[in-house]
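Just below is one structure, and these are the notes that go with it.
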Amino acid sequence: MAKKKIGLPPLDWLRVFEAAGRLGGFSAAAREFGLTQAAVSQRIGNLEAWLGRTLFVREARGVSLTVEGESYLPLVQDSLQALERNTEDLFGKSPRELRVAGLSSHIHALVVPSLARFQEVQPKVRVLTDSVARRSSLDEERTWLQIRYGRGAWPGRDSELIAAEVLVPMAAPGVEWGAPLIDLRGERPGWRDWARKAEQGDVTTSTISFDSMEHALSAARQGMGVALGSVPLAKADLQDGRLRRLHLPELKTKDGYWLTWPEERAKSKKQRALIADFLEALRG
């Protein structure tokens with residue numbers, strides 16, 4: 001294919017090429033832009049004629065990028081993202097909405113107490129929360145800004161630590177060590193792990209066992225025993241005196257609570273500034 005033009009091709013052709021290369025076909029690109037497949041094919045044909053290079057191999061079962069197409073695609077993607085980001089920084093309106101997803105217990109314990117601090121610095125931003133029932137549901141959740149529990153490494157996501165997980169024996173006022181130990185099942189270290197680290201000998205948990213830290217803390221608030229409670233999630237209870245830390249060793253873990261988002265999102269300065277203000281409020 002002979003080279004016909006030099007310089008920058010029309011932006012519309014580049015956007016269609018990027019979509020077809022990213023999605024793996026002309027039909028998918030057509031759906032994304034609300035075009036016909038023939039219109040997509042024509043734009044890509046025009047781009048190939050402009051460049052004097054074949055970007056896609058057309059076969060009966062579909063299309064695939066040529067070697068040159070594979071080389072050109074990331075360059076086009078980076079350029080389009082930079083153009084979008086810089087346009088937003090220069091001319092875009094400040095975000096008026098912040099939407100965050102997480103487990104109900106994390107929304108209750110981490111987000112709700114931080115809202116007053118956040119609204120002091122972002123009074124015009126509307127905050128929306130989306131609760132999920134299970135941690136695994138976050139992978140399918142459409143809300144891209146999320147609070148997650150773990151070690152901060154999720155493929156394709158950026159993350160900033162809100163608070164490290166620290167577990168401490170805690171109980172309601174008047175409940176002392178020697179009361180039943182509330183059992184909590186799950187990925188956090190339990191009473192036996194704590195006893196081994198604290199050199200406290202064998203421990204025996206009560207006949208009550210929960211699969212949620214929120215429920216274990218609720219049982220402790222009601223005087224049902226001693227919970228190995230999460231300091232970040234019990235912060236409000238500890239400050240208000242509904243729970244108190246017993247004079248016993250704490251157990252630091254490798255996990256924590258993180259604010260996370262997809263790598264390709266939050267590229268503009270205004271969006272990053274909004275997330276930074278929210279993170280600061282969450283950290284308290």
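Per UniProt numbering, the very first residue in the sequence shown carries number 1; after that it's consecutive.
Even glycine gets a Cβ: it sits at the ideal position worked out from N, Cα and C.
On a predicted model such as this, the values are computed, not experimentally measured, just so you know.
Report yes if the C-beta distance between residue i and residue j is below 9 Å; otherwise report no.
| i | j | result |
| --- | --- | --- |
| G152 | G284 | no |
| R96 | L128 | no |
| L228 | W191 | yes |
| M213 | R196 | no |
| R126 | T260 | no |
| R272 | L145 | no |
| I147 | G102 | yes |
| V166 | S230 | yes |
| I162 | W258 | yes |
| Q77 | K267 | no |
| L65 | P9 | no |
| Q119 | L274 | no |
| R134 | Y149 | no |
| L233 | S105 | yes |
For residue i and residue j, I'd like the C-alpha separation in whole angstroms.
| i | j | result |
| --- | --- | --- |
| K254 | E160 | 15 Å |
| D211 | G186 | 6 Å |
| R43 | R31 | 15 Å |
| A29 | A164 | 43 Å |
| L23 | F278 | 33 Å |
| T207 | F33 | 59 Å |
| S41 | Y72 | 17 Å |
| N86 | W194 | 50 Å |
| L75 | V57 | 19 Å |
| R221 | R242 | 6 Å |
| T204 | R244 | 21 Å |
| G7 | A60 | 33 Å |
| P262 | L35 | 28 Å |
| E84 | K269 | 12 Å |
| L11 | D130 | 36 Å |
| A39 | L55 | 16 Å |
| E199 | S79 | 58 Å |
Residues in the same chain with beta-carbon distance under 6 Å from residue i, minus the five sequence neighbours each way, listed in chain order, please.
| i | result |
| --- | --- |
| G62 | G25 |
| V226 | P169, A171, A179 and L181 |
| V175 | G223 |
| W177 | L246 |
| residue 323 | In the structure as shown, the chain starts at 1 and stops at 284, and residue 323 therefore has no counterpart that could be examined. |
| P113 | A236 |
| E70 | none |
| G21 | L65 and L73 |
In the DSSP assignment, the alpha helix (DSSP H) including residue i goes from what residue to what residue?
| i | result |
| --- | --- |
| A109 | From DSSP, A109 is part of no alpha helix (DSSP H); its letter is neither H nor E. |
| K269 | K269 to R283 |
| E199 | Per DSSP, E199 belongs to no alpha helix (DSSP H) and is neither H nor E. |
| Q222 | Looking at the DSSP string, Q222 is not in any alpha helix (DSSP H), and its letter there is neither H nor E. |
| G21 | L11 to L23 |
| Q119 | L115 to V121 |
| L238 | K235 to D240 |
Quick one: give me the first and last residue of the beta strand (DSSP E) that residue i is part of.
| i | result |
| --- | --- |
| G102 | E97 to L103 |
| residue 287 | Look at the range of the chain in this structure, 1 to 284, and you will see that residue 287 is not part of it. |
| R53 | Taken as a continuous stretch (DSSP letters only), R53 belongs to no beta strand (DSSP E), as it is neither H nor E. |
| A28 | Segment F26 to F33 is the alpha helix (DSSP H) holding A28; no beta strand (DSSP E) there. |
| L167 | R157 to A171 |
| R128 | First, the residue type needs correcting, since residue 128 is Leu and not Arg in the sequence shown. Counting along the chain, the beta strand (DSSP E) containing L128 begins and ends at R126 to V132. |
| D183 | L181 to L184 |
| L65 | G62 to L65 |
| R148 | Q146 to G150 |
| S209 | T205 to F210 |
Sorted by chain position, which residues of the same chain lie with C-beta nearer than 8 Å to residue i's C-beta, five sequence neighbours on each side aside?
| i | result |
| --- | --- |
| L115 | V127 and A281 |
| Q37 | F26, S27 and A30 |
| G154 | The sequence given here has Trp at residue 154, not Gly. These residues qualify, in order along the chain: R148 and T260. |
Excluding the five sequence neighbours on either side, which residues of its own chain have a C-beta within less than 7 Å of the C-beta of residue i, listed in chain order?
| i | result |
| --- | --- |
| S209 | D183 and R185 |
| K124 | R96 |
| P173 | G241 and R244 |
Does the stretch 134-144 come within contact of the stretch 248-257, defined as at least 3 CB pairs closer than 8 Å?
no
Would the stretch 6-22 and the stretch 41-48 be scored as touching if the rule is three or more Cβ pairs under 8 Å?
yes
Just checking, does the stretch 232-244 make contact with the stretch 100-120 on the three C-beta pairs under 8 Å criterion?
yes
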